[in-house]
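The structure appears right after this line, and notes come after that.
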Amino acid sequence: MTPTLPTFAAPTDTERATLSVILNDTGLRATTPRINVLHFLNIADVPVTAEAVSRCVDLPLSTAYRTLTALEVTHLAGVTFARGDVTRWFRFTPDTPQHCPACGQSFYGEYA
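Numbering (this note's numbering), first residue to last: 469 to 580.
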């Protein structure tokens, strides 16, 4: 079974407030792109490319890359490399196993 990307819907007011606190607690300003990308990573079951984030969240690709990098640097997102050095990001949560729900493969190491 191949996981599919979720359809993006903007976060609710409650989700937006929670995501804003998470971003502010790491020293990041809670901008709309950061809130939306973090929300998308929260609902995606699998690591996603910057291109997928750009397309699903409706952001310029450069904004998607900058936002994902900021989330990675502050440990809100993890990064993995797929075949062919394709970079994919996922929501990093320290107390949750980081693996694909479809195949059980760890997000760390080369991810198929």
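Glycine is no exception: its CB is placed at the ideal position from the N, C-alpha and C atoms. Being a predicted model, the structure only gives us computed values, none of them experimental.
Can you have a look at residue i and say buried or exposed, based on whether 16 or more other CB atoms are within 10 angstroms of its CB?
i, result
"S530", "exposed"
"D481", "exposed"
"H543", "exposed"
"G577", "For G577, the predicted structure reports a pLDDT of 48, less than 50, and the residue's modelled location is therefore unreliable. A value from the coordinates is still provided. Label assigned to G577: exposed."
"P479", "buried"
"A545", "buried"
Going by DSSP, what residues sit across from residue i in a beta bridge?
i, result
"G546", "F558"
What residue range does the alpha helix (DSSP H) around residue i cover?
i, result
"P501", "T500 to I511"
"V516", "Counting along the chain, V516 falls outside any alpha helix (DSSP H), and DSSP gives it neither H nor E."
"D553", "Element bounds for D553: n/a, residue is neither H nor E."
"A485", "D481 to D493"
Is residue i near residue j, with beta carbons less than 8 angstroms apart?
i, j, result
"T555", "V547", "yes"
"L496", "A538", "yes"
"F476", "V525", "yes"
"R484", "I503", "yes"
Determine contact between the segment 484 to 497 and the segment 514 to 531, defined as no fewer than three beta-carbon pairs at a distance below 8 angstroms. Counting Cβ pairs under 8 angstroms, fewer than three are found: no touch.
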